[in-house]
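> Structure in structure tokens, see below.
Numbering (full-length UniProt numbering), first residue to last: 1 to 218.
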């Protein structure tokens, strides 16, 4: 026998959380974990071993594993504002496609090419802008301290490298902090109760009815 679903009181009425809802949150967190582990492993190898040949070669598949995990998270994340959700997904698509094009056309490893050609961050950097959007959402919804720091650190590091205004040691320091806070973020997500990640389903239903109403009047 299945246990009855708990009834929650939302802003626009009552709602229940289904097994499908819970599964979606678990997939969202697993996607984030894949993205985090891929990013942290790649960054850690660069900080530890430097830009050696085997590290640079490994960074390419690690980037695409990161992108896969991020893409999974952006499909399953719960965001009330549909336009914002679509923007983050578009950012991910631009960043991933840019990475594919660079990998296909360049004779250098992906990471080395991006490092030597900072303007490529105007393409591949959109992937990290999408990640920053998740950090911002988590900071806004759950008041997480680590994401409040991650939200400005990521654009600071990327824009600093793009504009060539940050010394290498400062870039390394920011990258280290990014990895450390990303680990804390993922660990805290793993033990967070599931319902808060689902949000107020009555708001989603209300916004959906609003969109359907506007579409019928158009």
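In this text, a Cβ means the ideal position worked out from N, Cα and C, and glycines have one as well. From a predicted model like this one, the values you see are computed outputs, not experimental measurements.
Along the chain, where does the alpha helix (DSSP H) containing residue 223 start, and where does it finish?
What the structure shows of the chain is the stretch from 1 to 218, and residue 223 is not part of that stretch, so it cannot be assessed.
> Based on DSSP bridge pairs, tell me the residues matched to residue 7.
16
> Quick check on DSSP: helix, strand or coil for residue 175?
helix
> Going by other Cβ atoms of all chains shown within 10 Å of its Cβ, with 16 needed for buried, is residue 109 buried or exposed?
buried
> Any chance the segment 18-33 sits against the segment 72-81, with 3 or more Cβ pairs inside 8 Å?
Contact between the segment 18-33 and the segment 72-81 is present, because at least three Cβ pairs lie under 8 Å.
> With a 10 Å radius around its C-beta and 16 neighbouring C-beta atoms as the bar for buried, classify residue 107 as buried or exposed.
exposed
> Quick check on this structure: which residue in 157, 141, 43 has the alpha carbon closest to the alpha carbon of residue 121?
157
> Can you round the beta-carbon distance between residue 180 and residue 144 to whole angstroms, since I take them to be within the 8 Å contact cut?
Wrong, their Cβ atoms sit about 14 Å apart, outside the cutoff.
> Going by Cα to Cα distance, which pick from 22, 55, 40 is closest to residue 112?
55
> Which of the three DSSP states, helix, strand or coil, is assigned to residue 85?
helix
> How many whole angstroms separate the CB atoms of residue 127 and residue 96, which I take to be in contact at a CB cut-off of 8 Å?
The pair is a contact, with the Cβ atoms about 6 Å apart (cut-off 8 Å).
> Please state whether DSSP places residue 47 in a helix, a strand or coil.
helix
> Counting C-beta neighbours from all protein chains within 10 Å, is the total for residue 63 16 or more, i.e. buried, or is it exposed?
buried
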